[in-house]
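In my numbering, the protein residues as written are 33 to 791.
Glycine included, each C-beta is placed from N, C-alpha and C at the ideal position.
Presented below is the structure to which this report refers.
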Amino acid sequence: MGRRLIDPGDAANFMRDKGFEPLVSYPGANEPWLCRCLRCGAEVRPRYATAVKGHGCRVCAGQVIDPDQATALMRERGLEPLAPYPGAIKKWLCRCLRCGEEVTPTYHSVKSIGSSGCRHCGTRGRAATRRLDPEKAAALMREHGYEPLAPYPGSGTPWPCRCLMCGHESTPTYDNVKQGFGCRACGRRRTEAAHRLDPTETADVMRAAGFEPLVDYPGAGEPWLCRCTTCQRTVSPTYHSVQAGGGCRYCSGHTVDPASAAALMREHGLEPLVDYPGAGEPWLCRCKTCGEQTTPRYTYVRATGSGCLPCGRRHAAVSRRLDADVAATLMREHGLEPLVEYPGADQPWLCRCGTCERECAPSYSSVRSGRGCRWCGFQRISEALQLDPDAATAFMQGHSLEPLVDYPGAGKPWLCECSACGRTVSPRYNSIKQGQDACRYCSGKTVDPSAAAALMRKRGLEPLVEYPGADQPWLCRCGTCERECAPSYSSVRAGHGCRWCWENRRGDALRLDPEAATAVLRAAGLQPLVDYPGANAQWLCRCEKCGKEVSPSYNSVRDGHGCRYCAALQRGDSRRFPHELAVAFMREQGFEPLEPYRSALAKWRCCCLTCDREVSVKYAKVRNGSGCRYCKKPGFNYSAPSLVYVVIHMGAKAVKPGIANIGTRQDRIASHHREGWALFKTLPCATGEEAWLVERATLVRLWTLAGHKRGYLTAEEMPQYGWTETFDRDEIGEDLVWSIVQEEFARLRSADDNKDDAG
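Structure, rendered in structure tokens:
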């Protein structure tokens with residue numbers, strides 16, 4: 033959908049209706065427009081878009097503050113400004129006349145709080161009001177069984193005390209004792225007494241598991257010295273591990289006795305040279321069979337029965353070794369006479385080939401796989417790949433090439449004469465076999481400079497330099513226009529030529545008669561006001577239908593476009609829902625329209641047939657299920673008594689105004705409280721509509737102060753909704769928000785009183 037165009041004259045008349053006299057031309061809907069307020073006479077810069085939303089003069093609304101008045105207020109509150117007035121919500125450097133400290137309060141915070149604004153004085157005042165009487169604190173500690181040993185240090189500071197029950201000295205805090213915490217020493221003794229087991233019962237459990245205790249019961253989680261009744265070794269399991277099913281670590285194999293491990297190694301022919309290192313660690317030993325040192329692991333020897341690595345390799349080699357006579361017989365079967373002894377299956381074996389009588393060194397494994405003498409192999413490959421020279425000559429003659437020398441090989445240049453152009457070329461047999469061109473001159477890949485110059489002169493171009501190449505610019509002089517140009521040989525051969533002559537021909541073909549262009553615009557309902565500027569240039573005209581000046585191009589009018597103002601009206605008329613159907617639908621939904629239908633998204637003033645109240649609803653929202661805000665049951669009730677509230681969140685440093693009905697099941701303030709918000713203040717209102725108007729006016733002013741309409745918090749940080757109405761508490765405090773709520777409430781009541789007096 034296109035953007036709606038605003039006539040500058042209509043915009044100026046609208047601003048005068050709103051109390052502004054424009055001083056400059058209309059700049060745009062969202063641009064500041066220099067005007068004079070007809071009420072206070074001050075020069076202000078409102079936007080047309082904000083005026084449409086109901087905003088007015090900032091000076092009349094009290095949003096613009098005189099610096100002298102701001103300075104006088106700060107001195108009244110005990111603050112001496114040290115810098116010029118920066119703005120209502122900007123930090124202002126001042127000196128406190130009470131404590132002499134430099135502080136940076138904002139003008140709005142000082143005005144709304146009603147105090148001095150000095151954070152140092154405020155901190156000392158709050159501390160004095162919150163400080164607890166030391167005698168009351170000591171009395172509470174004695175009530176909970178503590179005797180203070182030092183003066184009261186503060187509610188959250190450790191306080192040296194003595195427990196009146198056990199005499200243990202500790203440092204609890206006043207806050208912890210107040211919440212019910214007690215002496216740690218007493219608590220430990222109570223816990224130990226509750227968890228202590230009977231020593232006789234624990235000894236019976238150990239004996240049942242095969243352990244004879246050697247000392248008294250030390251505790252459930254402490255090692256208990258015992259003797260295993262199975263292996264008679266001394267072990268120290270814990271009562272908890274035995275109760276959970278554990279047993280002797282020697283019997284289970286988790287721990288190995290060094291003497292038993294050494295005996296096992298000697299049993300398998302290994303003499304340990306160092307102490308037992310562990311079951312899975314390398315253990316230095318000497319093999320009794322070969323006498324070499326080796327490092328097997330105890331677990332490997334126990335599992336396999338062997339451990340000497342050199343002995344294992346010799347056994348494997350003996351089991352895999354091939355008989356030398358059998359190997360020599362296989363080599364002779366393949367025509368190879370061994371000249372040395374058998375070296376191994378994969379080692380080169382010097383032999384003499386019985387076919388070519390040359391020495392070679394294949395391995396036994398390669399001969400067994402089908403290979404043999406490398407010299408004979410080369411000869412077989414060469415014979416297989418060699419081409420008959422007569423066949424190669426016939427192939428070249430079939431491609432219009434007459435060989436001048438004998439066949440050199442498939443991959444070497446072969447000097448030939450082209451039968452088509454008579455030039456000498458040197459193509460390769462393989463290249464022509466793979467589909468490449470036989471003669472590079474006939475294919476155009478190589479160009480004779482004299483032939484190229486002749487073609488250029490034939491096309492009316494005289495070369496000024498030597499031939500540079502087929503695709504390179506070639507400086508020439510055109511014989512038609514006598515101008516220098518640089519076409520490439522390839523482009524001229526393809527039919528192109530001098531670029532200057534081509535542009536002249538193209539311009540003559542595209543040039544339009546001004547009278548014909550004027551006739552096209554008049555046929556489209558446009559009267560030209562200036563001469564024809566060109567096909568793509570903007571052409572100032574007057575629309576004969578609406579009388580407005582527009583600047584379309586000739587090409588756009590030729591393509592079917594015209595006056596943009598008339599086009600916008602036509603698009604709106606084509607998309608607009610019929611008035612009769614819209615009125616009929618609204619009556620079906622319980623609304624009686626009080627003005628003509630404009631569009632689906634424009635507010636439509638109607639009378640609710642249920643509650644007989646005047647409301648402004650949108651046709652699109654009614655189509656989606658919305659209705660009268662006074663009659664609807666769920667959600668906010670505009671007829672019930674309500675209140676405006678301000679809540680704050682200490683952790684997120686956010687502040688939020690809002691509205692809620694009084695005495696309903698859906699408690700909006702309680703939902704905020706569940707998410708960590710604290711109620712600051714509330715303002716009762718007679719109806720929900722009055723509370724809603726106060727909230728809307730407050731939010732408009734707060735959005736103006738913040739400079740944007742984005743919420744300070746995100747939807748994830750505020751799941752109970754309302755995040756778009758949150759603000760930074762450091763920039764806009766709760767006192768400032770509350771002062772704006774009170775001002776807007778007073779302004780609304782004053783406007784209602786004036787209406788009653790006028791009535």
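Check, Outcome
"Which of helix, strand or coil does DSSP assign to residue 333?", "helix"
"Rounded to a whole number of angstroms, what is the C-alpha to C-alpha distance between residue 399 and residue 478?", "53 Å"
"Could you name the residues that DSSP lists as bridge partners for residue 856?", "One cannot answer for residue 856 here, as it falls past the ends of the chain, which runs 33 to 791."
"How would you call residue 681, buried or exposed, if buried means at least 16 neighbouring beta carbons within 10 angstroms?", "buried"
"Measuring CA to CA, which of 564, 538, 559 is closest to residue 545?", "564"
"Just the Cα atoms here: how many angstroms apart are residue 46 and residue 124?", "38 Å"
"Residue 380: which of 364, 394, 62 sits nearest, CA to CA?", "394"
"Pull up the DSSP beta-bridge partners for residue 800, would you.", "Outside the shown range of the chain (33 to 791) lies residue 800, about which nothing can therefore be said."
"Could you give the DSSP three-state label for residue 58: helix, strand or coil?", "coil"
"In three-state DSSP terms, what is residue 33?", "Residue placement at residue 33 cannot be trusted, given a pLDDT of 38 that sits under 50; the coordinates are not used to answer."
"Hey, how far is the Cα of residue 376 from the Cα of residue 349?", "11 Å"
"Who are the Cβ neighbours of residue 747 in its own chain at under 6 Å, not counting the five residues just before and after it?", "755"
"Can you give the Cα-Cα distance for residue 50 and residue 70, rounded to whole angstroms?", "9 Å"
"Using DSSP bridges, identify the partner residues of residue 570.", "585"
"Whether or not the segment 689-699 and the segment 735-750 are in contact is what I'm after, with contact meaning three or more pairs of Cβ atoms, one per stretch, closer than 8 Å; do they touch?", "no"
"Tell me the DSSP secondary structure of residue 731 in three-state form.", "helix"
"For the alpha helix (DSSP H) that contains residue 481, what are its first and last residues?", "481-490"
"To the nearest angstrom, how far is it from the Cα of residue 420 to the Cα of residue 438?", "11 Å"
"Going by Cα to Cα distance, which pick from 280, 317, 278, 281 is closest to residue 295?", "317"
"Assuming residue 583 and residue 601 make a contact with CB atoms under 8 Å, what is their CB distance in whole Å?", "The pair is not a contact, with the Cβ atoms about 18 Å apart (cut-off 8 Å)."
"Which full runs of the beta strand (DSSP E) of 3+ residues lie inside the segment 427-464, going along the chain?", "433-435, 448-450"
"State the DSSP-derived secondary structure class of residue 520, mapped to helix, strand or coil.", "strand"
"For residue 52, which residues from the same chain have a beta carbon less than 6 Å from its beta carbon, with the 5 sequence-adjacent residues on both sides left out?", "67"
"Please specify which runs of the alpha helix (DSSP H), each continuous and at least 4 residues long, are wholly inside the segment 246-312, giving them in chain order.", "271-275, 290-299"
"Tell me the rounded alpha-carbon separation between residue 528 and residue 409.", "60 Å"
"How big is the Cα-Cα spacing for residue 402 and residue 324?", "42 Å"
"What are the boundary residues of the alpha helix (DSSP H) that includes residue 617?", "611-620"
"Going by DSSP, which residues form a beta bridge with residue 753?", "Residue 753 is not bridged to any residue."
"Give the straight-line distance between the Cα atoms of residue 632 and residue 609, rounded to the nearest whole angstrom.", "8 Å"
"Quick check on the DSSP output: the beta strand (DSSP E) that includes residue 681 runs from which residue to which?", "674-681"
"When burial is assigned at 16 or more other CB atoms within 10 Å of the CB, is residue 178 buried or exposed?", "buried"
"Can you name the start and end residues of the beta strand (DSSP E) that residue 623 belongs to?", "623-625"
"Nearest-angstrom Cα distance between residue 3 and residue 717?", "Outside the shown range of the chain (33 to 791) lies residue 3, about which nothing can therefore be said."
"Going by the DSSP bridge assignment, what does residue 380 pair with across the sheet?", "395"
"Going by DSSP in three states, residue 179 sits in which element: helix, strand or coil?", "strand"
"Output the residue ranges of the alpha helix (DSSP H) runs that lie fully inside the segment 43-104 and measure 4 residues or longer, sorted by chain position.", "80-84"
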